[in-house]
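Structure, as structure tokens:
Protein chains: 2
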Amino acid sequence: MDKRKEQILKAIIKEYILEAEPVSSKTIMNRYGLNVSSATIRNEMAALEELGYIQQPHISSGRVPAPSGYRYYVDNLMEEEELLEEINLIDQLTSNISNINNYLKEVALMLAGASNYTVIVTEEKRGEETIHHLKLVGLLEDKALLVLVLSSNKVKDYVIPYLEKLSEEELISLSEILNQHLKDKEIKYLTLDLKNKIKGIFPNSPLLLEEIFNLIEKSLEEENNVEVIVEGVKNIFKLPEFNEVKKIAKFMETIENQEIITGLLRDAIGSEGNKIGVKIGEELGLEDLKDFTLIATNCSFCEGLNGKIGIIGPTRMFYEKNISLLEALLKKEDEND
Amino acid sequence: MDKRKEQILKAIIKEYILEAEPVSSKTIMNRYGLNVSSATIRNEMAALEELGYIQQPHISSGRVPAPSGYRYYVDNLMEEEELLEEINLIDQLTSNISNINNYLKEVALMLAGASNYTVIVTEEKRGEETIHHLKLVGLLEDKALLVLVLSSNKVKDYVIPYLEKLSEEELISLSEILNQHLKDKEIKYLTLDLKNKIKGIFPNSPLLLEEIFNLIEKSLEEENNVEVIVEGVKNIFKLPEFNEVKKIAKFMETIENQEIITGLLRDAIGSEGNKIGVKIGEELGLEDLKDFTLIATNCSFCEGLNGKIGIIGPTRMFYEKNISLLEALLKKEDEND
DNA sequence: CATTAGCACTCAAAATGCCAAAGTGCTAAA
DNA sequence: TTTAGCACTTTGGCATTTTGAGTGCTAATG
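As you go down the protein sequences, you meet chains A and B in turn. Numbering-wise, the first sequence is residues -12 to 324 according to my numbering. Numbering-wise, the second sequence is residues -12 to 324 according to my numbering.
Here it is in structure tokens:
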């Protein structure tokens, strides 16, 4: 790979990313100031094809980047991109985290808008979640609200009917008793013994307590599952390569499968920790995604809230911009630590 | 419109809803036991076309229902449909409302699954929301959680930094003071005077109080906006009439516009209150939705939570089934009152 | 010896023509 | 009033032709 070959490969990839059409030798001569004739470029293109970096859809057509061409581009040819506007957006978002439950979703929405591709996020399974605080609030004559603050700072709430009527004072004392016994305990310690003990302390409300135990177990179990967020699916509709409903349906089918998403993000980020992973086409290991690229990284802004976040688009993707986007996010994260 | 014309119109519409292809006189003769020849059916079809109920895509093709044909069908020819499975689903869902924040979303998901079309829901602007209960919870050394229970039963929560350090006891007493002064007050009563009064009572935490006031105002303002939920968009991909990416993109564009959604639901339900509205094609008043039908109704299961809910699909829609679905929902609602 | 002009060649996509199948309308007979 | 039968129309599929973009190769050039 001499200098000129690299220039031509870079030109082909840049042009193809922009236009989504096979690139001809003439186009490169006209638009990328190489100061050689189209014939020379053709010779170089033949060599690049020999090396496996580009392909011809058919014998008399222009060239298209091959998977290994994109890989070479990302590893060796790509330049950093400055993103002023987008960094502004990230700053705004991260300096103003008020509702933790929605935070990752907001980040996903912002990135989907900024990238114009699809953004996938998983929220980490965070081992054994516990109840950090519990409170019963009387709502109306026949209903109360159970508020659970979990160890991850998330808040969950459930409306429960008064299975047995309680006064406001009784509610408060019940809250206190529950807090005493359940605070910071992992779910496995919510044993039948403990339940019975609490029922013994508060013998007038066995049904209500049963319901509360159920909801606590439900909520902790829920939280020990990975949550998946997908935003900006419709962005890919505008791309010329998705000109068939079938392709769109297939993509949406894939992207809705939570196990696939978590697997993709895990593999793309790998064990490298705080770096940005780029998986191109077949590197993703899924036939249905062979024409997609995933750019992904870990993400952990506030304590107790860790996730993986990725931008997925066609292999013909604006690599510089999207890598820079995630880099900006990572940088912000470092600052906040 | 004599009896036989009605039979034939009904047959054409039923057949077209099933097959999405122009219906020929021969098909009707074979599949709908009318005991007349195809020639006779052809004569009747010519008459129905004269009346504007059906159309020919081209001169030698079968017939397709015209908008007024669907209208006549819905008003005069349609039969009720029994839905055993689906009613089961509705029962399950409505008898087990635990998380109010997500309730309407769950209903939407269920209906999207049952109908195989797209479901749109708006949550009603509910006039002046108030704080029903407020609580500050210490989380970690430098952060607290503000939990707001609103008059609509919704729970909102925000993480706030300790702008001034507070002990656990101070937090509790601050919660109490705020509750005393803010409980059941509309946002307009959260005046500068009141704010200063509270700051006077708790002079050590002016910054923290300012932040709390901001969040209360933000959350009440948010709640006075209409929330829009859309589920099951991808269902329409499978329909043969959406065989072009353009059509899908246009539909998604329309369906993402919250103002359009609220307008559609408002107009479809009209002022009739507890009835089911059906708007067919051009009746929706939007060029982009001229090939869609919206079936909609009001929805108010639990106190403080009102919404409008609609099923949107192609004009070639299973009218009976979807109307029955919403009727089942309404019936359940009556029982719960 | 690298570069390039020029030309023959290839292939995809668009345009054209043709034919069968599906379906209608109309006429004349039952 | 109904219907059998037939002429007529249109669509959609298929094969064929045309066009144009783009290449590879050869021979000439500095």
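All C-beta atoms, glycine included, are put in the ideal place defined by N, C-alpha and C.
Got a sec: does the ligand MN put a non-hydrogen atom nearer than 7 angstroms to the Cβ of residue i?
{"i": "residue 122 (chain B)", "result": "Among the ligands in the structure shown, none appear at all, so the ligand MN cannot be discussed."}
Judging by CA-CA distance, which residue of the options is the nearest neighbour of residue i?
{"i": "residue -6 (chain B)", "options": "B:6, B:27, B:8, B:7", "result": "B:27"}
{"i": "residue 244 (chain A)", "options": "A:107, A:202, A:123", "result": "A:107"}
{"i": "residue 315 (chain A)", "options": "A:303, A:299, A:283, A:293", "result": "A:283"}
{"i": "residue 12 (chain A)", "options": "A:4, A:30, A:231, A:1", "result": "A:30"}
{"i": "residue 273 (chain A)", "options": "A:318, A:53, A:252", "result": "A:252"}
{"i": "residue 45 (chain A)", "options": "A:321, A:10, A:59", "result": "A:10"}
{"i": "residue 141 (chain A)", "options": "A:313, A:293, A:157", "result": "A:293"}
{"i": "residue 317 (chain B)", "options": "B:94, B:49, B:207, B:20", "result": "B:94"}
{"i": "residue 198 (chain A)", "options": "A:224, A:123, A:226", "result": "A:123"}
{"i": "residue 117 (chain B)", "options": "B:208, B:228, B:279", "result": "B:208"}
{"i": "residue 160 (chain B)", "options": "B:121, B:143, B:182", "result": "B:121"}
{"i": "residue 115 (chain A)", "options": "A:99, A:226, A:133, A:139", "result": "A:139"}
{"i": "residue 164 (chain A)", "options": "A:105, A:182, A:280", "result": "A:182"}
{"i": "residue 229 (chain B)", "options": "B:179, B:301, B:158", "result": "B:301"}
{"i": "residue 14 (chain A)", "options": "A:35, A:48, A:37, A:180", "result": "A:48"}
{"i": "residue 158 (chain B)", "options": "B:74, B:192, B:276, B:145", "result": "B:192"}
{"i": "residue 275 (chain B)", "options": "B:7, B:248, B:296, B:262", "result": "B:248"}
{"i": "residue 5 (chain B)", "options": "B:226, B:22, B:178", "result": "B:226"}
{"i": "residue 262 (chain A)", "options": "A:63, A:297, A:224", "result": "A:297"}
{"i": "residue 326 (chain B)", "options": "B:82, B:234, B:277, B:-8", "result": "The question about residue 326 (chain B) has no answer here: the residues shown for chain B are numbered -12 through 324."}
{"i": "residue 63 (chain A)", "options": "A:0, A:7, A:19, A:21", "result": "A:0"}
{"i": "residue 146 (chain B)", "options": "B:19, B:133, B:3", "result": "B:133"}
{"i": "residue 210 (chain B)", "options": "B:25, B:270, B:-11, B:143", "result": "B:143"}
{"i": "residue 307 (chain A)", "options": "A:320, A:224, A:178, A:60", "result": "A:60"}
{"i": "residue 56 (chain B)", "options": "B:-4, B:34, B:103", "result": "B:-4"}
For residue i, report the span of its alpha helix (DSSP H) as first-last.
{"i": "residue 73 (chain A)", "result": "71 to 81"}
{"i": "residue 56 (chain B)", "result": "54 to 59"}
{"i": "residue 325 (chain B)", "result": "Absent from the model: residue 325 (chain B). The displayed extent of chain B is -12 to 324, so no value can be given."}
{"i": "residue 232 (chain A)", "result": "232 to 243"}
{"i": "residue 318 (chain A)", "result": "306 to 323"}
{"i": "residue 109 (chain A)", "result": "It is not in any alpha helix (DSSP H) - residue 109 (chain A) instead sits in the beta strand (DSSP E) that spans 105 to 110."}
{"i": "residue 325 (chain A)", "result": "This structure cannot settle anything about residue 325 (chain A), because the visible part of chain A is limited to -12 through 324."}
{"i": "residue 28 (chain B)", "result": "25 to 37"}
{"i": "residue 160 (chain A)", "result": "155 to 169"}
Quick one: what's got a C-beta closer than 6 angstroms to residue i's C-beta in the same chain, skipping five residues either side?
{"i": "residue 311 (chain A)", "result": "68, 70"}
{"i": "residue 287 (chain B)", "result": "293"}
How would you write the range of the beta strand (DSSP E) that residue i sits in, first residue to last?
{"i": "residue 279 (chain B)", "result": "279 to 286"}
{"i": "residue 147 (chain B)", "result": "142 to 148"}
{"i": "residue 218 (chain A)", "result": "214 to 218"}
{"i": "residue 135 (chain A)", "result": "130 to 137"}
{"i": "residue 186 (chain A)", "result": "Taken as a continuous stretch (DSSP letters only), residue 186 (chain A) belongs to no beta strand (DSSP E), being part of the alpha helix (DSSP H) at 179 to 188."}
{"i": "residue 301 (chain A)", "result": "294 to 301"}
{"i": "residue 267 (chain B)", "result": "264 to 267"}
Only counting the same chain, and skipping five residues up and downstream in sequence, which positions put a Cβ closer than 7 angstroms to that of residue i?
{"i": "residue 76 (chain B)", "result": "97, 101"}
{"i": "residue 148 (chain B)", "result": "129, 130"}
{"i": "residue 110 (chain A)", "result": "91, 213, 214, 294"}
{"i": "residue 196 (chain B)", "result": "185, 186, 189"}
{"i": "residue 257 (chain A)", "result": "264"}
{"i": "residue 351 (chain A)", "result": "With chain A running from -12 to 324 in the structure shown, residue 351 (chain A) is simply not present."}
{"i": "residue 58 (chain A)", "result": "267"}
Which residues in the same chain as residue i place their Cβ atom closer than 8 angstroms to its Cβ, once the five residues preceding and following it in sequence are excluded?
{"i": "residue 43 (chain A)", "result": "9, 36, 49, 50, 51"}
Worksheet item: Name the residues in the segment 212 to 239 of chain B whose C-beta lies less than 8 angstroms from a C-beta of chain A; which are they?
Response: Answer set for the segment 212 to 239 of chain B: 221, 224, 225, 229, 230, 231, 232, 235, 236, 239.
Item to complete: Please list the residues of the segment 142 to 159 of chain B that have a C-beta atom closer than 8 angstroms to any C-beta atom in chain A, keeping them in chain order.
Response: Cβ contacts with chain A: 142, 143, 144, 145, 146, 147.
Item to complete: Pull out every residue of the segment 115 to 126 of chain B whose Cβ sits closer than 9 angstroms to any Cβ of chain A, in chain order.
Response: Only those residues of the segment 115 to 126 of chain B whose C-beta falls short of 9 angstroms from the nearest C-beta of chain A are listed: 119, 120, 122, 124, 125, 126.
Worksheet item: Between the segment 191 to 203 of chain A and chain B, which residues of the former have CB atoms less than 8 angstroms from a CB of the latter, in chain order?
Response: Listed by position along the chain: 202.
Worksheet item: How about the segment 163 to 180 of chain B and the segment 202 to 209 of chain B: do they share at least three Cβ pairs that are nearer than 8 angstroms?
Response: Contact holds: three or more Cβ-Cβ distances are below 8 angstroms.
Worksheet item: For the segment 234 to 242 of chain A against the segment 217 to 225 of chain A, are there 3 or more C-beta pairs whose distance is under 8 angstroms?
Response: Look at the beta carbons and you see the segment 234 to 242 of chain A touching the segment 217 to 225 of chain A: at least three pairs across the two are nearer than 8 angstroms.
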